[in-house]
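First to last, the sequence lines map onto chains A and B. Counting with our numbering, you get residues 1 to 102 for the letters of the first sequence. Counting with our numbering, you get residues 1001 to 1616 for the letters of the second sequence.
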Amino acid sequence: MISVPLSWYLVLSAVLFAIGISGFLIRRNIITVFMSIELMLNAVNLSFVAFARQFRAVDGHIFAFFVMVVAAAEAAVGLAIILAVFRNRATLQIDEIDSMKY
Amino acid sequence: MHHLWLILAFPLAGFLVNGLLGRRISKTLVTAVAIGSVSLCLVWVVKVLLDLGGLGAPYVERYFTWIQSGDLKVGFDLSVDRLTAVMLLVVTGVGLLIHIYAAGYMDHEGGYYRFFAFLNLFMFFMLLLVLAANFLLLFVGWEGVGLCSYLLIGFYFIRKSAADAGKKAFIVNRIGDFGFSLAIYLLFTTFGSLDFATIFGAVNERATESGIGTLTVIGLLLLIGATGKSAQIPLYVWLPDAMEGPTPVSALIHAATMVTAGVYMVARCSAIYLRAPVALNTVAWIGVLTAAFAAIIGLVQNDIKKVFAYSTVSQLGYMFLGLGAGAFSAGIFHLVTHAFFKALLFLGAGSVMHSLNGEQDLRKMGGLRRRVPVTFWSMLCASVAIAGVPPFSGFHSKDAILVAAWRHSPLMYWIGVITAAMTAFYIFRALFLTFWGNYRGEGHPHESPPVMTIPLAVLALLSLGGGYFDVPGFLRSAFPVRQTHNSEMLALISVSASLSGIAVAWLFYVYRPALADVIASKLKGLYQLVYNKFYVDEIYDAAIVRPVVHGSTNLLWQAVDAGIIDGLVNRIGSQSCAVGNVLRRLQSGNIRSYAAWVVAGAVLAVVVAGFLRGAI
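Next up, the structure:
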């Protein structure tokens, strides 16, 4: 059985992470920014699982689960914040939400 | 054990009771506590002295080690010798009389309990001063009486002049105390101890210094301390102003006891001075010059208390002359008689003021002879005593000093004789202006109550007969005896000087009252100069006070404090603000810029980690 080499997973993970970063930096809609963060988290999950498989160790799996749990919690809180902001500001453009400053 | 500590405990207890509870307890009780504590103190002093008997050698009681640090070991030690015995009796005896008098004098005054609390505290420190068996404990008493002096001069602290006078006394005394503390350091570095017995024992083994040696320097530094406390040139200026305090305070602290602390201290250190002739001679010169200078100023003052204040300065000068001439016992003798007659003069002046509702100006008195007879007769007794009329007390002590001065230096003797004439003049001038002629004020003079007149009468008896206490004989064992040849000639000269002073005063102020004004207007410039006390206060003000104030204001405050110290702190603050102003721009509120920074930081971390890995 031909197995997929580790490097492929890592490259895919890096690509996904880079897309996440770019999205995070470039997009203005807060929902999209949020999705970019989820993308970065899952890119990291991918490399965790890949390493776990490579080294036949369970640590990576555990970490991946942790990340998922945190991501789920973060999604709940994050979406709640987004809703609250939208109710107050009637906008989801993050460039317009800049009152928390000096 | 004779429990010397009890002598200190009584007035301290009186101070604590009156000071802490005086506001709540009745006036009668305050008086009872104050006078009772001093009476017990006197009783205990007498008992201890009777028990100790001859006091051939100093009797020392050591209680506990007060300070132990390296080589320095200072104990809380009290000692009694003959010198201390004399001082104890004067302080407690005169102190008790003045406490009794003050109960009447202060009757209508506010802060009654405060007054007596301070007065008892003063007694405590004064007794500590004379009982101390080492220099540091003496210094505690020395500073303590200075504190009480300050508190009591400023007793009427609502009056600015009184508060200023208190400050002046305190600050001028600091200058003297600075010299005193230097002397204590020098004594410790030289002898390795501060105990009187140890130091004077070591001093007695040394040779007499012909020039300026360690002992001379110590003696001169001690003298600086003494000039502060005992109001000698150049530090006498605080004493006349100290008359702002209530009159019993002037009598007790600024005439009879505290101001003689310097005399006591020099006499205590006689061993040092006898081996430092230069210092001893300086003592004599300071004394004789102060005596003459203050007497001249006293000639023309119009405030009755000011006259007596300058008289006190002058008489203290006499005491220093006696000490400086090597006749320590004569100096102490004069201290004792002076305590009697000067306390009496002040109390009498207080009684006069009391009867005139506080009037102090001699020009507004006159003719009080019949209206306040007890006061008049007792002040007459004090006046003949201080003027040196034989056989009253002042004659004996002054004569002893002048005989010693003649042997020391005839020039000093003649200055002393002229001063004696001036003393007789100014005292009788005050007496004549107060009691002779017609009453020139508007009040209704009345005699003071017996609580005031009885102490006056007792002091009058002491002033008249005090000369027959053989203080010099009693102190003969304490000080080395020098050949004394009682010269009738010298006594005759000084007595005739005194009598002529009285006669001139009588001529000017009773026989031809206009004469004084004529002479004053003829010698207008001189009169103004003397009347304004030779402008010494103004000179000190211009030469010392103002440069210090201006230097402090402009240099130390404006330049150093405000400019450098505050400037540094403020500059650090404002620079932090400026940097923060720039950095806070980072906090833009724009989430994407934060994210960019995070990414940039992560990239930087990766790059740095990569470089470090590569380097290793």
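The beta carbon of each residue, even a glycine, is placed where N, CA and C say it ideally should be. Remember, predicted model here, so these are calculated numbers, not experimental data.
Quiz item: Closer than 7 Å, CB to CB, is residue 24 of chain A near chain B or not?
Solution: yes
Self-check item: For residue 1120 of chain B, three-class secondary structure by DSSP
Solution: Taken through DSSP and simplified to helix, strand or coil, residue 1120 of chain B comes out as helix.
Practice problem: Decide if the segment 1228 to 1235 of chain B is in contact with the segment 1184 to 1200 of chain B; the criterion is three or more beta carbon pairs, one per stretch, under 8 Å apart. | Solution: no
Quiz item: Could you give the distance in angstroms between the alpha-carbon of residue 1309 of chain B and the alpha-carbon of residue 1210 of chain B?
Solution: 37 Å
Quiz item: Do the segment 1082 to 1090 of chain B and the segment 83 to 94 of chain A make contact, defined as three or more Cβ pairs closer than 8 Å?
Solution: The segment 1082 to 1090 of chain B vs the segment 83 to 94 of chain A: no contact.
Self-check item: Residue interval of the beta strand (DSSP E) (run including residue 1061 of chain B)
Solution: 1059 to 1069
Self-check item: Pairwise C-alpha distance: residue 1603 of chain B and residue 52 of chain A
Solution: Residue 52 of chain A and residue 1603 of chain B: Cα-Cα distance of roughly 25 Å.
Practice problem: Starting from residue 1073 of chain B, trace the beta strand (DSSP E) both ways and give me its first and last residue. | Solution: 1072 to 1080
Quiz prompt | Cβ-based burial, residue 1108 of chain B [other Cβ within 10 Å; buried from 16] | solution = Within a 10 Å sphere around the beta-carbon of residue 1108 of chain B sit fewer than 16 other beta-carbons, which makes this residue exposed.
Exercise. Report the neighbours of residue 94 of chain A on chain B: residues whose CB is nearer than 9 Å to its CB, in chain order.
Key: The contacting residues are 1590, 1591, 1592.
Exercise. Please specify which runs of the alpha helix (DSSP H), each continuous and at least 4 residues long, are wholly inside the segment 1489 to 1576 of chain B, giving them in chain order.
Key: Qualifying alpha helix (DSSP H) stretches, in chain order: 1513 to 1522, 1524 to 1531, 1536 to 1540, 1546 to 1550.
Quiz prompt | chain D contacts made by the segment 1574 to 1587 of chain B, where a contact means CB separation under 8 Å | solution = The structure shown has no chain D; the protein chains it does contain are A and B.
Quiz item: Mind pulling the alpha helix (DSSP H) runs of 4 or more residues that sit fully within the segment 1340 to 1380 of chain B?
Solution: none
Quiz item: Can you check whether the CB of residue 1328 of chain B is closer than 7 Å to the CB of residue 1180 of chain B?
Solution: No; because the gap between Cβ atoms is not below 7 Å, this pair is not in contact.
Quiz item: Smallest Cα separation from residue 1269 of chain B: which of B/1194, B/1391, B/1530?
Solution: B/1194
Practice problem: Compute the beta-carbon to beta-carbon distance between residue 1176 of chain B and residue 1228 of chain B, rounded to the nearest angstrom, for a pair I have assumed lies under 8 Å. | Solution: 2 Å
Quiz item: Under a Cβ-count criterion, where at least 16 other Cβ atoms within 10 Å of its own Cβ denotes burial, should residue 1051 of chain B be classed as buried or exposed?
Solution: Classification for residue 1051 of chain B: exposed.
Quiz prompt | DSSP three-state assignment for residue 1132 of chain B, whether helix, strand or coil | solution = strand
Quiz item: Of the residues B/1137, B/1118, B/1010, which one's Cα is nearest the Cα of residue 1062 of chain B?
Solution: B/1137
Quiz item: When the cut-off is 7 Å and only beta carbons count, does residue 1562 of chain B lie next to chain A?
Solution: The beta-carbon of residue 1562 of chain B is placed no less than 7 Å from the nearest beta-carbon of chain A.
Quiz item: Would a C-beta distance cut-off of 7 Å place residue 1426 of chain B and residue 1299 of chain B closer than the cut-off?
Solution: yes
Self-check item: Range of the contiguous alpha helix (DSSP H) that encloses residue 1016 of chain B
Solution: 1005 to 1021
Exercise. For residue 1609 of chain B, go through chain A and note every residue whose CB falls closer than 9 Å to its CB, in chain order.
Key: Those within 9 Å of residue 1609 of chain B in chain A number zero; the least Cβ separation is about 16 Å.
Exercise. Within its chain, find whatever has a CB closer than 7 Å to the CB of residue 1126 of chain B; leave out the 5 residues flanking it on each side and keep chain order.
Key: Result list for residue 1126 of chain B: 1091, 1141, 1145, 1257, 1258, in chain order.
Quiz prompt | The alpha helix (DSSP H) enclosing residue 1055 of chain B, as first and last residue numbers | solution = Unbroken run through residue 1055 of chain B: none, as it is neither H nor E.
Quiz item: How would you write the range of the alpha helix (DSSP H) that residue 1315 of chain B sits in, first residue to last?
Solution: 1304 to 1324
Exercise. Determine, using beta carbons only, whether residue 1413 of chain B and residue 1402 of chain B come nearer to each other than 7 Å.
Key: yes
Practice problem: Would you identify the three-state DSSP class for residue 54 of chain A, choosing helix, strand or coil? | Solution: Shown here, residue 54 of chain A sits in a helix according to DSSP, grouped into three states.
Practice problem: Determine the contact status of residue 1349 of chain B and residue 1255 of chain B, defining contact as a CB-CB distance below 7 Å. | Solution: No, the Cβ-Cβ distance between residue 1349 of chain B and residue 1255 of chain B is not below 7 Å.
Quiz item: Can you find a CB in chain B that lies within less than 7 Å of the CB of residue 21 of chain A?
Solution: yes
Self-check item: Per-residue burial, residue 1605 of chain B [other beta carbons within 10 Å of its own, 16 or more giving buried]
Solution: That one is exposed.
Quiz item: Is it true that the segment 1010 to 1022 of chain B meets the segment 1109 to 1116 of chain B, where meeting means three or more beta-carbon pairs spaced less than 8 Å apart?
Solution: Contact holds: three or more Cβ-Cβ distances are below 8 Å.
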